[in-house]
Each structure stands twice: as C-alpha cells, then as structure tokens.
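One point on numbering: in the UniProt record's numbering, the residue at position 3 of the sequence shown is 3, and numbering is uninterrupted. Cβ coordinates follow ideal geometry from the N, Cα and C atoms, glycine included. Data first, discussion second: the structure below is written as structure tokens.
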Amino acid sequence: DKCVRVCEWQQGVGYTEVAYSPLKGHKYGVTCVKVSPQSTMLASASIDGTTVLWNLR
Numbered sequence: 001d002k003c004v005r006v007c008e009w010q011q012g013v014g015y016t017e018v019a020y021s022p023l024k025g026h027k028y029g030v031t032c033v034k035v036s037p038q039s040t041m042l043a044s045a046s047i048d049g050t051t052v053l054w055n056l057r
C-alpha cells in the first residue's frame, strides 16, 4: 500500500482511524513507520528508499 493509515485506541471502542488518515505521499509501498515519543510526528519509509515526515498536529 502507498499510504499510511493512522488509528487511535479508545477503551470500550477499540481502534478507530483518525480523521486525517490515510496519509498519502509515497509512490511505492510503505515498509516502515515510526512515531515520535510525543505522537506529534510520524516518519514513513518506502520500498524505493524515500522517507516522508508527517506533522500529526
């Protein structure tokens, strides 16, 4: 998949996709995702070696 889907956990509900998801910007499949400790930034890497930095605010 070429996009990153962001979900949040809510007690009693489970995982739900957030309003700004999916994050689209990669031309090839996403292979890795890392979220900052404050959950304000997300880095995603693609199979072609590109990395995209996302502001989650």
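Taking only three categories from DSSP, how would you classify residue i?
{"i": "Leu56", "result": "coil"}
{"i": "Ser21", "result": "coil"}
{"i": "Ser39", "result": "coil"}
{"i": "Val13", "result": "coil"}
{"i": "Val30", "result": "strand"}
Less than 9 angstroms separating the beta-carbons of residue i and residue j?
{"i": "Val52", "j": "Gly25", "result": "yes"}
{"i": "Val33", "j": "Pro22", "result": "no"}
Is residue i buried or exposed, if buried means 16 or more other CB atoms sit within 10 Å of its CB?
{"i": "Ser36", "result": "exposed"}
{"i": "Val30", "result": "buried"}
{"i": "Ser44", "result": "buried"}
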